[in-house]
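Participant: Quick note on my numbering: the sequence shown kicks off at 6 and runs consecutively.
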Amino acid sequence: QVQLVESGGGLVQAGGSLRLSCAASGSIFSPNVMGWYRQAPGKQRELAATITSGGTRNYADAVKGRFTISKDNAKNTVYLQMNSLKPEDTAVYFCYAREVARQYWGQGTQVTVSS
């Protein structure tokens with residue numbers, strides 16, 4: 006069983022930065038895609054950023070130019086560097102991973118950006 010454990014959320018002022026980490030542990034794990042989704046209060050969960058096993062990155066328009074996704078294959082860890090944060094970035098951020106036949110979600114980490 007694979008577990009995704011997020012860390013790095015918190016409270017930050019607008020314009021500030023945070024770095025989220027997601028470490029995968031458990032069974033043998035070979036994801037095709039890892040990434041981050043987010044869910045703001047009263048809204049649906051939405052894509053923030055993903056990265057494929059080959060290193061191709063995909064970003065939501067709302068975060069392009071401000072967020073950077075990266076990964077460490079040796080550690081089975083994916084990161085999300087978030088700069089120039091805005092109050093509208095406030096959400097629970099969920100780590101995501103997909104293998105050929107399965108997908109996994111983390112428990113989520115709260116990011117709150119104050120104005």
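Just so it is clear, CB atoms sit at the ideal spot from N, CA and C, and this is done for glycine as well.
Can you find the residues in the same chain that come closer than 8 Å, C-beta to C-beta, to Val17, ignoring five residues on each side of it along the sequence?
Facilitator: Excluding sequence positions up to five before and after Val17, its CB lies within less than 8 Å of the CB of Leu23, Leu90, Val116, Thr117, Val118 and Ser119, all in the same chain and listed in chain order.
Participant: With a threshold of 8 Å, are at least 3 pairs of Cβ atoms found where one atom belongs to the segment 57-66 and the other to the segment 89-103?
Facilitator: Result no; under three Cβ-Cβ pairs closer than 8 Å.
Participant: To which residues of the same chain is Ala19 closer than 7 Å at the C-beta, ignoring the five residues directly before and after it?
Facilitator: Excluding residues within five positions, the ones whose Cβ falls inside 7 Å are Leu90, Lys91, Pro92, Val118, Ser119 and Ser120.
Participant: Measuring straight from C-alpha to C-alpha, what distance separates Leu30 and Gly47?
Facilitator: Residue 30 is actually Ser in this sequence, not Leu. Near 31 Å, if we compare the C-alpha coordinates of Gly47 and Ser30.
Participant: Straight-line CA distance for Gln108 to Thr82?
Facilitator: 16 Å
Participant: Assuming Tyr84 and Leu9 are in contact, meaning their beta carbons sit under 8 Å apart, how far apart are those beta carbons, in whole angstroms?
Facilitator: Incorrect: roughly 13 Å between the Cβ atoms, too far for contact.
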